[in-house]
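Q: Residue numbers (my numbering): 50 to 386.
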Amino acid sequence: MKQEVLARTIIETMLNKALRDIERDPDRSIRNLIDLGINFAKGRFQQEFLHVLQEMMKNEQSAYYTLVKNVVSDTDHRRLMTIGMNIGFQACTVGATLIRDNEERLHFNIPWIYQVNFGEKGLPCEDLDKLIRQGKELGTFIYLLNADGSIGEEHISILKKHNDCAFILLVTAEKILGNLMDRLESTCNCLILVEDGSELMAEAADELKKHEFLYGIYLRCSRDAEERYFKSEYLEQITDTGASFCVLMPEDQFSFEEDMLRKEKTAQIRGQQEYPFILVDYTSDVQRIDRVISNDSCAVAFDSEGYVYTDTGKWQGSPYNIRCKDLRNILENVTKK
50 MKQEVLARTI IETMLNKALR DIERDPDRSI RNLIDLGINF AKGRFQQEFL HVLQEMMKNE
110 QSAYYTLVKN VVSDTDHRRL MTIGMNIGFQ ACTVGATLIR DNEERLHFNI PWIYQVNFGE
170 KGLPCEDLDK LIRQGKELGT FIYLLNADGS IGEEHISILK KHNDCAFILL VTAEKILGNL
230 MDRLESTCNC LILVEDGSEL MAEAADELKK HEFLYGIYLR CSRDAEERYF KSEYLEQITD
290 TGASFCVLMP EDQFSFEEDM LRKEKTAQIR GQQEYPFILV DYTSDVQRID RVISNDSCAV
350 AFDSEGYVYT DTGKWQGSPY NIRCKDLRNI LENVTKK
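Printed below as a string of structure tokens:
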């Protein structure tokens, strides 16, 4: 544990300097930051990701240079540092090692991210806290939270309590323009994704910029309409919002089936580097990262009642409910190797 704290402190110090350098000399400093990351990266996913990024940055016309400049200039550096360290170090280094060790010892698969319903109509706070606490023990430090109902101080307190985690919060533009920003103001470990389709999207984006949050857009993709999401007109609209990410989610919240066309199109657009945001196909990218971390693909979610979902669907009964059983007991049943 002491070694982890020391390593984190050293990396944070160097990242703080790198962020200041990017503000002064962006292009050169971005390349130096990637080189620094490669030198420190221990995990397989980090190494693979950074080498791909290094290759991309050889293209001096890459829109990702603009993306990095925008993120560094528009995002509170405390938030940027916390989210970056919680994902890059805590999840992809410390957590990934824990996941591999625990999978070998316990003989079941452990996901690197959990999807959970969050808020007044979501999983009750005490059960969410239990899930996160037990998830961290097994190696998971990233949680995708689908906002369901109002989000009160009791929900925000869980995010603050688990300050070594990264939370990806899916919300509507209406929530952003309500009182949510004031409640989230003191948090540093949240990446916010706003649901596309609202006439209030531009206002919500302005509000997120004003509060200096790292943010993106997400949308539920129907197969009938997904072609439009890859057209230049739509991608330019995303660019206009200033979003750093555009995440394509399945139409059914608890579906883990990969859409091959969506997967291929997403990879193609990312490779072209024409837009200053990262396009993500949630289903295929989550499973790809999981395979890099621990060889097997594993996707797990919990609904508002606490029942677990995997690629085989919903598991019924108290043995599969986080409100009734410990996370380890549930995974022993649903992700057994």
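The beta carbon of each residue, even a glycine, is placed where N, CA and C say it ideally should be. Everything numeric in this text was worked out from a predicted model, so none of it was measured.
For Gln336, count neighbouring C-beta atoms within 10 Å of its own C-beta (all shown protein chains included) and say buried if the count is 16 or more, exposed if not.
A: Buried is the call here.
Q: Are there 16 or more other CB atoms within 10 angstroms of the CB of Val243, so buried, or fewer, so exposed?
A: Burial call: buried.
Q: Which partner residues of Glu169 appear in the DSSP bridge assignment?
A: Answer by DSSP bridge pairing: none, since Glu169 is not bridged.
Q: Hey, how far is the Cα of Lys312 from the Cα of Arg272?
A: Distance between the alpha carbons of Lys312 and Arg272: 12 Å.
Q: List in chain order: all unbroken alpha helix (DSSP H) runs of 4+ residues lying wholly within the segment 161-246.
A: Counting only runs of 4 or more, we get 174-187, 202-210 and 230-233.
Q: So what does Tyr388 bridge to, in DSSP terms?
A: With the chain running from 50 to 386 in the structure shown, residue 388 is simply not present.
Q: On the DSSP bridge list, what partners appear for Phe294?
A: Paired residue(s): Ile327.
Q: Per DSSP, which residues does Asn370 bridge with? Please list them.
A: According to DSSP, Asn370 bridges with Tyr356.
Q: Determine the extent of the beta strand (DSSP E) in which Ala144 is found, giving its start and end residues.
A: Residue identity check: residue 144 is Gly in the sequence provided, not Ala. Unbroken run through Gly144: none, as it is neither H nor E.
Q: Would Arg119 and Pro325 qualify as a contact pair, given that the criterion is a beta-carbon distance under 8 Å?
A: Checking the sequence, you will find Asn at residue 119 rather than Arg. Going by C-beta atoms, Asn119 is nearer than 8 Å to Pro325.
Q: With distances taken between CB atoms, is the gap from Leu376 to Leu172 smaller than 8 Å?
A: The answer is no: Cβ separation not under 8 Å.
Q: Kindly indicate which three-state DSSP category Leu268 falls into: helix, strand or coil?
A: Here Leu268 sits in strand by DSSP.
Q: Do you know whose CA, among Leu284, Glu261 and Ile225, lies nearest Met250's CA?
A: Of the listed residues, the one whose Cα sits closest to Met250 is Ile225.
Q: Buried or exposed for Asn166, please, with buried defined as at least 16 other CB atoms from any protein chain shown within 10 angstroms of its CB.
A: So Asn166 counts as buried.
Q: Taking the straight line between their C-alpha atoms, what separation do you get for Thr124 and His211?
A: About 21 Å.
Q: Among Asp74, Met134, Leu268 and Met105, which has the Cα closest to the Cα of Thr62?
A: Nearest of Asp74, Met134, Leu268 and Met105 to Thr62, Cα basis: Met134.
Q: Determine, using beta-carbon pairs with one atom in the segment 281-293 and one in the segment 331-348, whether at least three such pairs fall under 8 Å.
A: Judged by Cβ distances under 8 Å, the segment 281-293 makes no contact with the segment 331-348, as fewer than three pairs qualify.
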